[in-house]
Amino acid sequence: MKTYLVTGGAGFIGSNYIHHMFASYGDAIRIINVDALTYAGNPENLTAIADNQGYTFVHADICDKEKMTAIFAEHDIDIVVHFAAESHVDRSIIDPEVFVRTNVLGTLVLLNAARQAWEMTDGTYPPGKRFVHVSTDEVYGSLTEEGTYFYETTPYDPRSPYSASKAGADMLVRSYMETYQFPANITNCSNNYGPYQFPEKLIPLMINNALQGKKLPIYGDGLNVRDWLYVEDHVQAIDLVCEKGKLFETYNIGGHNEKKNIEIVKIILDTLGEMLPDDDERKNGINESLIEYVTDRKGHDRRYAIAPDKIKIELGWEPQTYFAEGIRRTIAWYFANADWMERVTSGEYQNYYQQVYGK
Ligand code: NAD
Ligand code: TYD
């Protein structure tokens, strides 16, 4: 039976991936999810599949060499899908060290554990073994001119501690492919949105604040551009890379859905207005008066935009979800999971919010 080691499966994209995999393959696969359950990891995200026969949760830090080695010794892992990371730019500006530890060192520990378990005496690997390293378009830097895009061949130019740590991890994966012919792929994806996203990121933060009648803090002039992809489309692309991706290749994942931050916030306000029932007392307060321009993020990258041509041509992947539909689904999920939001924003989140937004 095909066995996956998923790292960071209790986080946003990882949990969507695990749901997608069990929904697609049912009992035909096994998934071992290793997650340290940092502030961003939430076992509640996986309640619906926690009792699946094929699911095992291991509470561990990917930097723990012994534990990672033991997982490979205990389970015959075919595919590693490596999501675990510190993932938020603002946190990386406040405290870069943990980013280097988890994103760089953690990736190295996993590469070594997989190589040790998989490499045969002649230096080759059994067919079917694959390490998919999930990375970001932020490693390519910041675009300024409209009509320019990130390609797989774009030179790396990371500019935040987060993107620098992801770039470091990507370079290690590249070096293992070159040096040891280690069977891997790297995927570089644009900004995701959807269910289970922690409300430190733009979209869930704005939804949550608007529903609470709180100000919507827009950094700088609000004209920075991100290329938004619905998370379900991203996890489908990862599944496709695991199934059909050519080993040693990098695939950019994105959907040509560039939007300015201010546009996103206005779409959220409009969509909330449409979706909330007329008798909901929050409805009247949800309007553009909530928007507040605040001090810009340090080193704020101006624009990201992915050219997804390669994955489309080679693997036939294209995103299925228009933004108007994806944002409605996302908002509907946050409506239905108000208690989830309540729980993740109590405690540490309040300190974080105070530190970044000063209120
Ligand atoms: P997330 O912050 O929601 O989740 C990260 C998960 O990793 C959490 O469950 C956390 O507990 C776990 N984790 C953190 N440190 C760990 C450690 N030392 N050991 C084990 N587990 C640890 O992140 P996400 O948004 O789901 O992103 C997943 C991956 O996708 C990351 O590698 C990120 O760089 C990449 N990515 C994210 C986006 C995006 O828009 N969110 C876009 C492109 C790429
Ligand atoms: P974010 O969701 O943090 O993703 P990333 O920085 O990795 O692209 O931010 C998306 C964009 O939204 C980015 O340009 C910063 C901006 N932003 C705000 O204007 N206000 C906020 O409160 C946050 C969290 C982000």
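Numbering (the numbering used here), first residue to last: -16 to 342. Each residue gets a CB set at the ideal place from its N, CA and C atoms; glycine is no exception.
If contacts are defined as beta-carbon pairs under 8 Å, then residue i and residue j qualify, I think. What distance do you get, rounded to the angstrom?
i	j	result
Val72	Val115	With a Cβ gap of about 23 Å, Val72 and Val115 do not count as contacting.
Gly309	Tyr179	So it is not a contact: roughly 14 Å between Cβ atoms.
Tyr145	Tyr123	No, Tyr145 and Tyr123 are not in contact; Cβ-Cβ is about 13 Å, not under 8 Å.
Asp10	Gly37	6 Å
Ala33	Ser70	That belief does not hold up - the Cβ atoms of Ala33 and Ser70 are roughly 23 Å apart, past 8 Å.
Ile77	Gln338	7 Å
Gly151	Asn235	Not really, about 19 Å apart at Cβ, beyond 8 Å.
Ala100	Phe40	20 Å between Cβ atoms; not a contact.
Glu80	Lys198	About 31 Å; that fails the 8 Å criterion.
His58	Thr(-10)	Not quite, the Cβ-Cβ distance comes to about 13 Å (not below 8 Å), so this is no contact.
Met160	Phe231	5 Å
Asp284	Ser125	4 Å
Leu273	Ala193	6 Å
Arg311	Met258	7 Å
Does residue i pass the burial test, meaning 16 or more other C-beta atoms within 10 Å, or should it be called exposed?
i	result
Ala220	buried
Thr131	exposed
Tyr317	buried
Ile294	buried
Pro166	buried
Leu206	exposed
Glu331	exposed
Glu215	buried
Gln74	As written in the sequence, residue 74 is Arg, which differs from the Gln given in the question. Looking at its Cβ environment, which holds 16 or more other Cβ atoms inside 10 Å, Arg74 is buried.
Tyr176	buried
Met4	buried
Thr90	buried
Asp120	buried
Met103	exposed
Ile296	exposed
Pro141	buried
Ser158	exposed
Asp348	Coverage of the chain is limited to positions -16 through 342, which leaves residue 348 absent and any answer about it impossible.
Gly111	exposed
Glu127	Looking at the sequence itself, residue 127 is Thr, so the reference to Glu does not match. So Thr127 counts as exposed.
Asn(-1)	buried
Gly299	exposed
Looking at C-alpha atoms only, which residue of the options is the closest neighbour of residue i?
i	options	result
Met189	Ala167, Gly151, Ile269	Ile269
Lys(-15)	Gly124, Ala(-7), Gly(-8), Ile12	Ile12
Arg113	Leu126, Ala96, Thr104	Ala96
Arg286	Ala56, Glu49, Ala19, Glu129	Glu129
Gly196	Gly177, Ser173, Asn174, Arg265	Arg265
Gly(-3)	Ala68, Asp47, His58, Met51	Ala68
Leu223	Asn191, Tyr176, Ile169	Ile169
Leu93	Gly177, Arg326, Asp18, Phe40	Asp18
Asn25	Val327, Asn334, Gly341, Tyr335	Val327
His217	Thr304, Asp47, Glu102	Thr304
Ser329	Gly341, Phe181, Pro302	Phe181
Pro291	Val117, Tyr134, Ser118	Tyr134
Ala(-7)	Ser7, Ala193, Ala6, His42	His42
Arg280	Ile201, Tyr159, Asn267	Ile201
Glu301	Leu155, Lys50, Cys172	Cys172
Ser148	Asp262, Ser118, Asn174	Ser118
Thr107	Thr137, Ser125, Thr52, Tyr163	Tyr163
Tyr(-13)	Ala6, Asn16, His2	Asn16
Thr137	Glu271, Asp322, Ile289	Ile289
Asn320	Pro110, Asn35, Asn191	Asn191
Thr278	Thr313, Tyr336, Gly237, Tyr340	Tyr340
Glu241	Asn267, Glu271, Phe306	Phe306
Arg98	Asn174, Ser143, Leu155	Leu155
Arg84	Asp47, Asn334, Thr52	Asp47
Gly282	Lys342, Ser143, Met324	Ser143
Asn354	Pro109, Gly203, Lys243	This structure gives no information on residue 354, because the portion of the chain shown stretches from -16 to 342.
Asn35	Ala53, Ile1, Glu271	Ile1
Phe(-5)	Ala53, Thr21, Asp322	Thr21
Kindly confirm or deny that the stretch 177 to 194 and the stretch 234 to 249 touch, where touching means at least three C-beta pairs closer than 8 Å.
-> yes
May I ask you to verify whether the stretch 194 to 209 touches the stretch 23 to 30, counting CB pairs closer than 8 Å and requiring at least 3?
-> no
Determine, using beta-carbon pairs with one atom in the stretch 250 to 262 and one in the stretch 214 to 233, whether at least three such pairs fall under 8 Å.
-> no
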